[in-house]
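Residue numbers (the working numbering): 1299 to 1436.
A virtual CB, placed ideally from N, CA and C, is assigned to each residue, including glycine.
Okay, structure first, notes after.
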Amino acid sequence: MQQTLSIIKPDGVKRGIIGEVIKRLEASGIRIVAMKMLHLSKAQAEGFYSVHRERPFFQSLTDFMSSGPVVVMVLEGEDVIQKYRTLMGATDYRKADEGTIRKDFATDIEKNVVHGSDAPETAAFEIGYFFNRLEIVH
Ligand code: GDP
């Protein structure tokens, strides 16, 4: 069993599509094993995205991610990292496949509704950033 971190970004929460994202997760057989809502500070957003600190969009991205509440979840299932990324669609919604979350709801390359870890090592870091062991159900 693999785990991954999902975030419904501030644009998704603001636009009222938390339920839509969760519906798609559940319909695809992915299990939610932890979930909470929080409003990241700028520093917390910078810590989360520290791998991107040299990228030109780092300031804008961390301003956006700290602009309103987010929903963070730990997802579990076989091959869930790839499976969830397939549900999300490409980073740039204009290049995302039909029927993906980003294709259907994103409005911008940055405001793309959802985040999902991209590898087991990043999933471990990202899950640990938000959840302790007692907050993840078994
Ligand atoms: P992801 O794994 O698909 O989320 O994509 P990345 O790890 O490459 O980028 C992290 C996040 O940064 C993306 O989800 C977007 O919100 C944002 N992002 C990526 N590329 C760009 C860009 O070219 N411009 C801006 N403004 N934001 C970007």
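* **CA-to-CA distance, Ile1328 to Leu1385, given in whole angstroms** => 11 Å
* Excluding the five sequence neighbours on either side, which residues of its own chain have a C-beta within less than 8 Å of the C-beta of Thr1389, listed in chain order? -> Arg1400, Ile1407 and Asn1410
* Asked: For Pro1354, is the classification buried or exposed, using 16 other Cβ atoms within 10 angstroms of its Cβ as the cut-off for buried?
  -> exposed
* Distance between beta carbons of His1413 and Lys1307, contact taken as under 8 Å -> 6 Å
* Just list the beta strand (DSSP E) runs in the segment 1332–1358, keeping only unbroken ones of 3 residues or longer that don't cross its boundaries, in chain order. => none
* Asked: For the candidate residues Ser1348, Glu1396, Lys1381 and Asp1309, whose alpha-carbon lies nearest to that of Pro1418?
  -> Lys1381
* Taking Cβ to Cβ, would you say Val1372 is nearer than 8 Å to Val1331? -> yes
* Assess, as a yes-or-no matter, whether the segment 1310–1324 is touched by the segment 1336–1356 under the definition of 3 or more beta carbon pairs within less than 8 Å. => no
* For ligand 1, any of its heavy atoms closer than 7 Å to the Cβ of Asn1410? -> yes
* To do: State the start and end residues of the unbroken alpha helix (DSSP H) segment that holds Val1477.
  => Nothing about residue 1477 can be reported from this structure: the residues present for the chain run from 1299 to 1436 only.
* Going by DSSP, which residues form a beta bridge with Thr1302? -> Leu1373
* Asked: Buried or exposed: which applies to Thr1405, given that a residue is buried once 16 or more other Cβ atoms fall within 10 Å of its Cβ?
  -> exposed
* Asked: Looking at Asp1361 and ligand 1, is the gap between the Cβ and the nearest heavy atom below 7 Å?
  -> no
* **Burial state of Asp1309 (16 or more Cβ within 10 Å)** => buried
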